[in-house]
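Number of protein chains: 2
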Amino acid sequence: MAKRVTLAEVAARAGVSPITVSRALRRPDTVQAETRARIDAAVAELGYVPDPAARALATGRADVIGVLIPSVTNAVFTDVLSGIYDGLADSRFDVQYAITRYDPGTEEKLIGVFLRQRPAGLIISGIDQTDAARRLLDRASCPVVQVMETGPDPVDMMVGFSHHDAAAAATRHLIDRGYRRPGFLGARMDPRTQRRFAGFRAEAEAGGVFDLDRVETTEVPSSVGGGAELLRALLGRHPETDAVFCNNDDLALGALFEAMRMGIPVPGQLGICGFNDLEMMRAAEPSLTSVRTNRFEMGARAVEMIRARLDGRDPGPAILDLKAEILARRSTDGPTGNRPVET
Amino acid sequence: MAKRVTLAEVAARAGVSPITVSRALRRPDTVQAETRARIDAAVAELGYVPDPAARALATGRADVIGVLIPSVTNAVFTDVLSGIYDGLADSRFDVQYAITRYDPGTEEKLIGVFLRQRPAGLIISGIDQTDAARRLLDRASCPVVQVMETGPDPVDMMVGFSHHDAAAAATRHLIDRGYRRPGFLGARMDPRTQRRFAGFRAEAEAGGVFDLDRVETTEVPSSVGGGAELLRALLGRHPETDAVFCNNDDLALGALFEAMRMGIPVPGQLGICGFNDLEMMRAAEPSLTSVRTNRFEMGARAVEMIRARLDGRDPGPAILDLKAEILARRSTDGPTGNRPVET
DNA sequence: TTGTACGCGTTATCAA
DNA sequence: TTGATAACGCGTACAA
Numbered sequence: 001m002a003k004r005v006t007l008a009e010v011a012a013r014a015g016v017s018p019i020t021v022s023r024a025l026r027r028p029d030t031v032q033a034e035t036r037a038r039i040d041a042a043v044a045e046l047g048y049v050p051d052p053a054a055r056a057l058a059t060g061r062a063d064v065i066g067v068l069i070p071s072v073t074n075a076v077f078t079d080v081l082s083g084i085y086d087g088l089a090d091s092r093f094d095v096q097y098a099i100t101r102y103d104p105g106t107e108e109k110l111i112g113v114f115l116r117q118r119p120a121g122l123i124i125s126g127i128d129q130t131d132a133a134r135r136l137l138d139r140a141s142c143p144v145v146q147v148m149e150t151g152p153d154p155v156d157m158m159v160g161f162s163h164h165d166a167a168a169a170a171t172r173h174l175i176d177r178g179y180r181r182p183g184f185l186g187a188r189m190d191p192r193t194q195r196r197f198a199g200f201r202a203e204a205e206a207g208g209v210f211d212l213d214r215v216e217t218t219e220v221p222s223s224v225g226g227g228a229e230l231l232r233a234l235l236g237r238h239p240e241t242d243a244v245f246c247n248n249d250d251l252a253l254g255a256l257f258e259a260m261r262m263g264i265p266v267p268g269q270l271g272i273c274g275f276n277d278l279e280m281m282r283a284a285e286p287s288l289t290s291v292r293t294n295r296f297e298m299g300a301r302a303v304e305m306i307r308a309r310l311d312g313r314d315p316g317p318a319i320l321d322l323k324a325e326i327l328a329r330r331s332t333d334g335p336t337g338n339r340p341v342e343t
Numbered sequence: 001m002a003k004r005v006t007l008a009e010v011a012a013r014a015g016v017s018p019i020t021v022s023r024a025l026r027r028p029d030t031v032q033a034e035t036r037a038r039i040d041a042a043v044a045e046l047g048y049v050p051d052p053a054a055r056a057l058a059t060g061r062a063d064v065i066g067v068l069i070p071s072v073t074n075a076v077f078t079d080v081l082s083g084i085y086d087g088l089a090d091s092r093f094d095v096q097y098a099i100t101r102y103d104p105g106t107e108e109k110l111i112g113v114f115l116r117q118r119p120a121g122l123i124i125s126g127i128d129q130t131d132a133a134r135r136l137l138d139r140a141s142c143p144v145v146q147v148m149e150t151g152p153d154p155v156d157m158m159v160g161f162s163h164h165d166a167a168a169a170a171t172r173h174l175i176d177r178g179y180r181r182p183g184f185l186g187a188r189m190d191p192r193t194q195r196r197f198a199g200f201r202a203e204a205e206a207g208g209v210f211d212l213d214r215v216e217t218t219e220v221p222s223s224v225g226g227g228a229e230l231l232r233a234l235l236g237r238h239p240e241t242d243a244v245f246c247n248n249d250d251l252a253l254g255a256l257f258e259a260m261r262m263g264i265p266v267p268g269q270l271g272i273c274g275f276n277d278l279e280m281m282r283a284a285e286p287s288l289t290s291v292r293t294n295r296f297e298m299g300a301r302a303v304e305m306i307r308a309r310l311d312g313r314d315p316g317p318a319i320l321d322l323k324a325e326i327l328a329r330r331s332t333d334g335p336t337g338n339r340p341v342e343t
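First to last, the protein sequences are chains B and L.
The numbers in full-length UniProt numbering rise by one with no breaks, and the one at position 26 of the first sequence is 26.
The numbers in full-length UniProt numbering rise by one with no breaks, and the one at position 309 of the second sequence is 309.
This is how it looks when you write it as structure tokens:
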């Protein structure tokens, strides 16, 4: 087992006091070049690495960015994580993440756990925190960024987009392409999904094409297989449905496969629009329309906002809206199936 | 900002010494019931939560399970993570993970970082560590589990399967179904992928159907779009190819879509087999054959092995082989396309 | 530019 | 069963 190399040993080796080594490591410019060289050499020879626990105890804060996400198995959140990782490369910060399983109570508890470590920053998904969680966050002594969604009342900073508006735009797109009997496919139906539905509903009503009966949802998490089932159920009840706006891309892919099984031409007889624009959407046959949400960038920006704040730089606007964007593909070419579209 | 409640404050409140509080929390049976009651009350009233940094410093070890995976955006690893999380629920351990980006050098460095925290256990992906990393792990003072793959020489414990054998079995399946000119589609081509290729090659050669020219690979990470491109390239050179064994499911899905675009019937003119059995494989049209790798269970078992070791229980065999299993679906029904198959 | 004294919150060790 | 003392490794505040 690796014997622990301490500051003191490095100091002895370099012929200086421990505190000088400490300084040389954290703020190299505050120690003489020659001294620093000796110290660096000693560090290298001994393989010294600082003990994060000791450091946290001495400073009263941890060089940790806490990240709270609902799930690790959902590509949407891992893309955000990926952006966070990228933004933190070459920094002194570690990422520490925890999973809420879409449960506000769990989230509340985990916020407490994180704050107890005095993290350098906190990144949290969405805007649906409990009141207690909200109070905890309000009193947090570190920057807090809510990601994935924007809303009127940020805890501190926010980077995301309006799910309502994005869904409305997608619905508008369906209508523009000539679909007149659009349905909605939804899974899990957490608050964020509900807001997407609200966007769909608002826009469909505005276009005079809304029918509550063409809404097919389930409480279970989304999946490709689930998308297939939802479409089958919806068409069973309402065969006249001529397009579906799907909660997310997994459902959309499943809907596409089910349409194939049922012999329903896409987009001619059925238009399909997903949400999130996972990589596969572009590669599908027919290619699938979706709503691009800049997940990687959200993570990267969240980190940048935190780092700016910590460094005393300007973090920019408290609410950063990374507009979602419709990527129109063949699956929504329109009921006639002959409309040209960008790839 | 939340003022920190310390052991000393709880002790004062309960009218005992700090160490007694510490004991009451960690080993309740070693303090008198009545004392314990007073302490518990004080803890609750003050909302005391132990400081993990102080604890780590004092004990010389952290209640952390370190996890090293190549990527967060690959569903394969997040499923393992999910299993780990599950196995650690209701334990005192935290998960801490780091991303190697498929780079052995990064992995080596991160192992050092983790070990410095004296974690309670370490879970690491695969068997392709550098020599230096290997030495670090050999001297580690905590249980180490290599997941995702089995091999002859575990650092400590292992839970996974043979990628070579799994690929060979998949290839055997293609041959058994009557395909005689199988090709291989591969992306990233890291060592683990190479071993899958080796399994494909060995079995194809044994069956007298191997042709190195029907191998299409790329160094870029796999994706659905990439699978489409690889298939197109392969068929461009070798239109006689009658089946493809794909590196993973993303490629297989892409191959399916590309076959559709090219008007090639699956499975009649082209058989497709993936690897990992992501959820979508089952829902595709036609349903896609794949190799089920028990990723969630790998994570859960790895955790269980570590916990057993820490608790002084028997962790079971050092090398746990969670056999991969072929899930035959319609995409490999055979060149004639009329072979019945389980769903 | 470098060093000294002390404390961060907890637990190990030993004593009562 | 409980308590006093002394670390754990590092950083802050101040002094030199």
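Virtual Cβ for every residue (Gly too), placed ideally from N, Cα, C.
Query                                                                                                                                     : Result
Spatial distance of residue 295 (chain B) from residue 16 (chain B) (CA atoms)                                                            : 48 Å
Residue range of the beta strand (DSSP E) that includes residue 158 (chain B)                                                             : 157 to 160
Contact set between residue 85 (chain B) and chain L, taken where Cβ atoms lie within less than 8 Å                                       : 72 and 99
Residue 290 (chain B) classed as buried or exposed, judged by whether at least 16 other C-beta atoms fall within 10 angstroms             : buried
Interface residues of chain B facing residue 257 (chain L) [CB-CB closer than 8 Å]                                                        : 283, 284 and 285
Identity of the residue in L:69, L:76, L:114 and L:121 nearest residue 92 (chain L) by Cα                                                 : L:121
Counted within 10 angstroms of its Cβ, other Cβ atoms place residue 79 (chain B) as buried (16 or more) or exposed                        : buried
Coil, strand or helix - residue 244 (chain B) by DSSP                                                                                     : strand
Near-chain L residues of the stretch 113 to 133 of chain B - C-beta to any C-beta below 7 Å                                               : 115, 116 and 117
Cut-off 6 Å between Cβ atoms - residues of its own chain near residue 191 (chain B), not counting five sequence neighbours on either side : 128
Distance, residue 97 (chain B) Cα to residue 74 (chain B) Cα                                                                              : 14 Å
CB of residue 154 (chain B) within 8 Å of CB of residue 318 (chain B), strictly                                                           : yes
Reduced DSSP secondary structure (H/G/I, E/B, other) of residue 94 (chain B)                                                              : strand
Cβ pair residue 157 (chain L), residue 150 (chain L) closer than 8 Å                                                                      : no
Nearest-angstrom Cα separation, counted from residue 200 (chain B) out to residue 184 (chain B)                                           : 8 Å
Test item: CB-CB of residue 71 (chain L) and residue 48 (chain L) under 8 Å                                                               : no
Test item: CB-CB of residue 233 (chain B) and residue 244 (chain B) under 8 Å                                                             : no
Test: residue 403 (chain B) CB closer than 8 Å to a CB of chain L                                                                         : Missing from the structure shown is residue 403 (chain B); chain B here goes from 1 to 343 and no further.
Residues from the stretch 182 to 213 of chain L in contact with chain B, defined by Cβ distance under 7 Å                                 : none
Residue 261 (chain L) at chain B interface by Cβ criterion, 8 Å                                                                           : yes
Cβ of residue 96 (chain L) within 8 Å of any chain B Cβ                                                                                   : yes
Backbone secondary structure at residue 210 (chain L) - three-state DSSP                                                                  : coil
8 Å contact criterion, which residue 84 (chain B) and residue 302 (chain B) should meet: CB distance rounded                              : 7 Å
Residues that residue 54 (chain B) contacts on chain L, provided the C-beta gap is smaller than 9 Å                                       : 53, 56 and 57
Cβ-Cβ separation, residue 222 (chain B) to residue 248 (chain B) (assumed contact under 8 Å), whole Å                                     : 5 Å
Residues near residue 5 (chain L) by beta carbon distance below 7 Å, same chain, minus five either side                                   : 46, 47 and 48
Closer than 8 Å to chain L by CB, residue 78 (chain B)                                                                                    : yes
Interface partners of residue 280 (chain L) on chain B, CB under 7 Å                                                                      : 224 and 253
Interface partners of residue 228 (chain B) on chain L, CB under 7 Å                                                                      : 283
Whole-number beta carbon distance between residue 216 (chain L) and residue 230 (chain L), since they are thought to touch under 8 Å      : 5 Å
Under 7 Å from the C-beta of residue 81 (chain L): neighbouring residues of chain B                                                       : 72
The stretch 251 to 269 of chain B / the stretch 203 to 214 of chain B touching (three or more Cβ pairs under 8 Å)                         : no
Selection from L:12, L:327 and L:29 that minimises the alpha carbon distance to residue 174 (chain L)                                     : L:327
Three-state secondary structure (DSSP) of residue 80 (chain L)                                                                            : helix
Within-8 Å CB hit, residue 233 (chain L) to chain B                                                                                       : no
Minimum C-alpha distance to residue 182 (chain B) - residue among B:188, B:99, B:197 and B:193                                            : B:197
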